[in-house]
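Visitor: After the structure tokens below, expect a handful of questions from me.
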Amino acid sequence: MHIDPLEKKWVQIALGMCTLFISIIMIDALFHGVNAPSNVETIDSRKIHLSEEFAEDNLGVQVAENGDITVRMVAGRYAFFPKQITLPAETKVTFRWVSMDVLHGVHMPMTNMSTMIVPGYVAQVESSFPRPGEYPMLCNEYCGLGHDHMWSKAFVIDKEEWEANRAAMLNSTATENEASDNE
Numbered sequence: 037m038h039i040d041p042l043e044k045k046w047v048q049i050a051l052g053m054c055t056l057f058i059s060i061i062m063i064d065a066l067f068h069g070v071n072a073p074s075n076v077e078t079i080d081s082r083k084i085h086l087s088e089e090f091a092e093d094n095l096g097v098q099v100a101e102n103g104d105i106t107v108r109m110v111a112g113r114y115a116f117f118p119k120q121i122t123l124p125a126e127t128k129v130t131f132r133w134v135s136m137d138v139l140h141g142v143h144m145p146m147t148n149m150s151t152m153i154v155p156g157y158v159a160q161v162e163s164s165f166p167r168p169g170e171y172p173m174l175c176n177e178y179c180g181l182g183h184d185h186m187w188s189k190a191f192v193i194d195k196e197e198w199e200a201n202r203a204a205m206l207n208s209t210a211t212e213n214e215a216s217d218n219e
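Adding 36 to a residue's 1-based position in the sequence shown gives its number in our numbering.
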């Protein structure tokens with residue numbers, strides 16, 4: 037079987053381009069820490085408000101004793117709860133999301149945060165914010181008629197300002213505890 041040399045050359049070019057593009061995608065995924073989900077957590081979407089982790093009082097930003105920051109949020113027609121959060125810049129933040137009703141998605145422009153929020157599962161994403169500013173959280177999966185109103189905001193402040201606010205909050209809590217102990 038005879039293959040024209042020009043045709044053979046174009047087949048080689050096409051295969052070379054496919055190899056190049058696949059290599060670029062794999063290298064990009066490797067260096068940006070893109071991994072397939074492996075630790076799948078489930079939750080009963082009908083009882084989210086009764087769960088300890090996603091109860092209304094536990095939503096939002098929480099700082100562990102070792103300094104790790106976790107943000108717990110709930111997606112529901114047609115809003116993300118809580119509506120606003122404040123986070124430090126240049127710090128790794130773990131987002132944990134659940135859906136109370138239908139499939140939702142969340143995307144934060146200018147970050148690596150984009151995930152689907154599937155009812156019955158906990159979605160976990162680690163992200164960081166390179167600089168202070170206002171970062172919108174937008175629903176990127178059609179979830180019904182109010183989909184275009186489904187958003188939330190993350191206010192990112194300097195790391196030093198975050199630490200000062202946190203120290204002031206801890207001091208006021210300690211003062212309140214001392215006052216209640218004296219009564």
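Quick reminder that beta carbons are idealized off the backbone N, C-alpha and C, glycines included.
Model, not experiment: these values are computed from the prediction.
Using the C-alpha atoms, what's the distance from Thr106 back to Trp198?
Guide: Indexing the sequence shown from 1 puts residue 198 at position 162. Indexing the sequence shown from 1 puts residue 106 at position 70. The alpha-carbon atoms of Trp198 and Thr106 are separated by roughly 15 Å.
Visitor: Compute the Euclidean distance between the alpha carbons of Glu177 and Met186, then round it to the nearest angstrom.
Guide: Working through the sequence shown from its first residue, we reach residue 177 at position 141. Working through the sequence shown from its first residue, we reach residue 186 at position 150. Distance between the alpha carbons of Glu177 and Met186 is about 10 Å.
Visitor: Kindly give me the distance between the Cβ atoms of Met173 and Ser188, rounded to whole angstroms, as I take these residues to be in contact under 8 Å.
Guide: Sequence index remark: in the sequence shown, residue 173 carries index 137 (1-based). Sequence index remark: in the sequence shown, residue 188 carries index 152 (1-based). The pair is a contact, with the Cβ atoms about 4 Å apart (cut-off 8 Å).
Visitor: Taking 9 Å as the threshold (C-beta atoms), are Ser87 and Ala111 in contact?
Guide: Along the sequence shown, read from residue 1 onward, the residue named residue 111 stands at position 75. Along the sequence shown, read from residue 1 onward, the residue named residue 87 stands at position 51. No, they are not a contact pair.
Visitor: Check this for me: beta carbons of Met282 and His140, under 9 Å apart or not?
Guide: Coverage of the chain is limited to positions 37 through 219, which leaves residue 282 absent and any answer about it impossible.
Visitor: Which value, in whole angstroms, describes the spacing of the CA atoms of Val142 and Arg108?
Guide: Translated into the one-based positions of the sequence shown, residue 142 becomes position 106. Translated into the one-based positions of the sequence shown, residue 108 becomes position 72. Distance between the alpha carbons of Val142 and Arg108 is about 13 Å.
Visitor: From Gln120 to Phe165, what does the alpha carbon distance come to, in whole angstroms?
Guide: Within the sequence shown, the letter at position 84 stands for residue 120. Within the sequence shown, the letter at position 129 stands for residue 165. Near 16 Å, if we compare the C-alpha coordinates of Phe165 and Gln120.
Visitor: With a floor of 3 residues, list each beta strand (DSSP E) that falls wholly inside the stretch 74-118, ordered by position along the chain.
Guide: Fully enclosed beta strand (DSSP E) runs of 3 or longer: 96-99, 105-112 and 115-117.
Visitor: Let me make sure I understand the geometry here. Which of Phe116, Asp194, Val70 and Tyr171 has the alpha-carbon closest to that of Cys179?
Guide: Within the sequence shown, residue 179 is the residue found at index 143, counting from 1. The shortest Cα separation from Cys179 among Phe116, Asp194, Val70 and Tyr171 belongs to Phe116.
Visitor: Counting along the chain, where does the beta strand (DSSP E) carrying Val192 start and finish?
Guide: Locating residue 192 in the sequence shown gives position 156, counting from the first residue. Here the beta strand (DSSP E) through Val192 covers Trp187 to Ile193.
Visitor: For the stretch 125-211, list the beta strand (DSSP E) runs that are entirely contained and at least 3 residues long, ordered along the chain.
Guide: Complete beta strand (DSSP E) runs here, min 3: 129-135, 140-143, 150-153, 157-163, 169-174 and 187-193.
Visitor: Answer with buried or exposed for Cys54, where buried requires no fewer than 16 other C-beta atoms within 10 angstroms of its C-beta.
Guide: Taking the sequence shown and counting its residues from 1, the one referred to as residue 54 is at position 18. Classification of Cys54: exposed, given that the 10 Å Cβ count is below 16.
Visitor: Could you please give the first and the last residue of the uninterrupted alpha helix (DSSP H) stretch that includes Asp64?
Guide: Counting from 1 along the sequence shown, the entry for residue 64 is found at position 28. That run of the alpha helix (DSSP H) goes Pro41 to Phe67.
Visitor: Taking its Cβ as the centre, do 16 or more other Cβ atoms sit within 10 Å of Pro124, making it buried, or is it exposed?
Guide: Counting from 1 along the sequence shown, the entry for residue 124 is found at position 88. With 16 or more Cβ atoms within 10 Å of its Cβ, Pro124 is classed as buried.
Visitor: Using the C-alpha atoms, what's the distance from Thr130 back to Leu95?
Guide: Here residue 95 is taken as the residue at index 59 of the sequence shown, counted from 1. Here residue 130 is taken as the residue at index 94 of the sequence shown, counted from 1. Roughly 13 Å between the two C-alpha positions.
Visitor: By Cβ distance, which residues of its chain are closer than 6 Å to Ala190, with the 5 residues on each side in sequence left out?
Guide: In the sequence shown, residue 190 corresponds to position 154, counting from 1. Taken in chain order, the residues that qualify are Ile121, Leu123 and Tyr171.
Visitor: Expressed to the nearest angstrom, what Euclidean distance is found between the alpha-carbon atoms of Pro145 and His38?
Guide: As a working mapping, residue 145 is identified with position 109 in the sequence shown. As a working mapping, residue 38 is identified with position 2 in the sequence shown. When rounded, the distance between both Cα atoms is 52 Å.
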